[in-house]
Every structure is written in structure tokens, then in C-alpha cells.
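Residue numbers for the sequence shown, in this note's numbering: 713 to 990.
Below you'll find the structure, written out as C-alpha cells, and then a few comments.
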Amino acid sequence: MLVTREEMAFDFQGAKLDPVKDKDVIVWAVQQFLYGEITGVQIGHWLYNAPDLESARFLARQAVEEFQHVGNFLRILEILGAPPEKAAWSVRFLATGLMGGDWSEHVALEMALGEGLVLQAFYAMIDTVDEPEIVAILKRGVRQEERHVDFGEQQTRKAIAGRPALRRRLLGLALVSLWGVSRLEAFMKKRLPMDHPALRRLPDLVRHSVRIAELRLMRIGLTDAPISSMSAARKLALVAEAYAGKLALGLASWVLSVLLLPLRLLGLAGPKRLTDTY
């Protein structure tokens, strides 16, 4: 990965979450993880649209791993004696509301940025939950998540090479994702007991996670300066350009699909699939 485990580390100052006294808090966190892993079904879409054989192989393996994670989190809920429940709106927004519209958006926003944030949360749970079986389950998933993040980073670098417009579009969309992450801080302060030694550190963890995400975006090459140093006007301009670009691309794609419909019906035109490129 372009950001090391040591750089991602967050100091909880020895505070722990007890599986009995803090059960509700741990259950809430696991519910969020579970929803994120369930969205692994979206990988099927990207497998169908994989640009090359190497990517298709990776995605096939990732799909299996994501559903292994689903089983892991269901097992953790079983240990805690809790049923699956709906995730927070901000988590649903980040996991499904911001699903990429093309391959470059998928690898940049969902894999490099999104799974990087999930990995940060994995590390936090491993460091704080005081229950050996739960920690062991989480540790088994970490190595797989690290591979997913690394793949996203490398594929994003490949996608933006020599394409400044795409670089700006992905950065603008990343700003929206990071805005969604920052909303978690307010939700945590409202939902969780802030007098707990570990939980009172969570708002700081959210801010740390955003800083690490900015560092990852810089090392990928999406930005030359920290996002936190950008003016509000600059950020707004990037977001506006990103969504204008998505709208224009979507409109152009629709027009092209209409024009090429007769040829597609005859099997003479259409997007290239892996069966055409392997």
C-alpha cells in the first residue's frame, strides 16, 4: 500500500471496549461493517465490466473474500448475541450511494479510498475490542483488505496517467466521499456515550482517518497538495466540475447508445468485454 500500517495507526491511549459492558457499541460498529461487506455484491457488476484478465481474476477473488467477511461479521454478532440491523445513513451513502459510474471511479473511490477507510476502522477495532475471538476474526480479514486497497491504488494510478481531466473528476468525487466520512463525527457524538475512554477518542479517529485519506490521494497522484489546504471555493469548483463531467459523459453515452442501437441488434457494435480482449 502507498500508506503504511504505521502511518495509519491511531493511539487510543490503552482504552478498550469490553464485550459485556460495551456490547451495544461493538454491535453498532459491526452492523456498519456488515453492511459494507454485503455491498460486495456490487463486485459482480465490475467483474462483468473488467478491463482485462488480470483485473477480472482479482475481482473474482475479492468477491469470495468479501462474502467470507460477511460470514465473519455474522459470527461476531453471534458471539455478541445480536441480530443484524440497518446501518447508519452515512455508511449506506458511502457504500452504495457513491457507487462508481465507471472503472476509474470504482478503483479510486470504492477500492483505494473507500476500502482504505474501512481498513482504518478494522485497525481501530483490533486495537480496542477486548475479546480474543473477535480480534482474531478481524485480523484474518485485514490482510485481504490491504490487498484490495493496494489494487485500487495501483489501478487508479494507471487510469489517471496522462489524463488531467479524469484526475480532477476523481478528486472532486473524492471530496464528496470525505464529506460523508466527516459527517460520522457528528453522528458518533450524538449516538455514542462520549464519557467512555475509548469512545471519546472516536471523533479524533475520524479526523485522523480523513487526514490519512488525503495522504493516500496525494500519493496516488490525484492531488499535489493536502485537501485541507484547499479553499472552500476550490473544493466546490472541483465537485461541480466532477458532477458536470459525469453528467456530460452520461449524456454522451446515452446518445451514442441510441445511435448504435441498430448495429448492436446485429451484434456489430457494443462495449468490449473480456471475451473480446483476453
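Note that the Cβ used here is the ideal one computed from N, Cα and C, for glycine as well.
Owing to the predicted nature of the structure, the values given are computational and were not obtained by experimental measurement.
**OP:** For the region 796-805 and the region 734-745, state whether three or more C-beta atom pairs, one from each stretch, are separated by less than 8 Å.
**Re:** yes
Subject >> Same chain, Cβ closer than 7 Å to A807, neighbours up to 5 away in sequence not counted >> reply: The sequence position of residue 807 within the sequence shown is 95, counting from 1. So the qualifying residues of the chain are Y747, G748, T751.
Original post:
Beta-carbon separation of L821 and F834 under 9 Å?
Top reply: Taking the sequence shown and counting its residues from 1, one reaches residue 821 at position 109. Taking the sequence shown and counting its residues from 1, one reaches residue 834 at position 122. Not closer than 9 Å, so no.
Original post:
Does DSSP classify V753 as helix, strand or coil?
Top reply: Here residue 753 corresponds to residue number 41 of the sequence shown, with the count starting at 1. Helix at V753.
Subject >> M906 classed as buried or exposed, judged by whether at least 16 other C-beta atoms fall within 10 angstroms >> reply: Residue 906 sits at position 194 when you count from the first residue of the sequence shown. Exposed, by the Cβ-count rule.
Original post:
Bridge partners of V776, per DSSP?
Top reply: Numbered from its first residue, the sequence shown carries residue 776 at position 64. V776 is not bridged to any residue.
Original post:
Any idea if A910 is buried or exposed, counting beta-carbon neighbours within 10 angstroms, 16 or more meaning buried?
Top reply: By one-based count along the sequence shown, residue 910 stands at place 198. Buried, because 16 or more other Cβ atoms sit within 10 Å of the Cβ of A910.
Original post:
If A768 sits next to L929, beta carbons under 8 Å apart, how far is it from one beta carbon to the other, in whole angstroms?
Top reply: What you label residue 768 is simply residue 56 of the sequence shown in a count that begins at 1. What you label residue 929 is simply residue 217 of the sequence shown in a count that begins at 1. So it is not a contact: roughly 26 Å between Cβ atoms.
Original post:
So which of A772, V922, M900, Q856 has the shortest CA-CA distance to I939?
Top reply: As a first step, residue 939 must be located in the sequence shown, where it is residue number 227. Comparing Cα positions, the closest option is V922.
Original post:
Mapping DSSP to helix, strand and coil, what is V830?
Top reply: As a first step, residue 830 is located in the sequence shown; it is residue number 118 there, counting from the start. Here V830 sits in helix by DSSP.
**OP:** Assuming G828 contacts R881 (C-beta within less than 8 Å), just tell me the rounded distance between them.
**Re:** Start at 1 with the first residue of the sequence shown, and residue 828 comes out as number 116. Start at 1 with the first residue of the sequence shown, and residue 881 comes out as number 169. Wrong, their Cβ atoms sit about 19 Å apart, outside the cutoff.
Subject >> Cβ pair count under 8 Å reaching 3, the region 873-889 against the region 947-957 >> reply: yes
**OP:** Determine, using beta-carbon pairs with one atom in the region 895-906 and one in the region 840-860, whether at least three such pairs fall under 8 Å.
**Re:** no
Original post:
Is the beta carbon of M991 less than 9 Å from the beta carbon of L825?
Top reply: Outside the shown range of the chain (713 to 990) lies residue 991, about which nothing can therefore be said.
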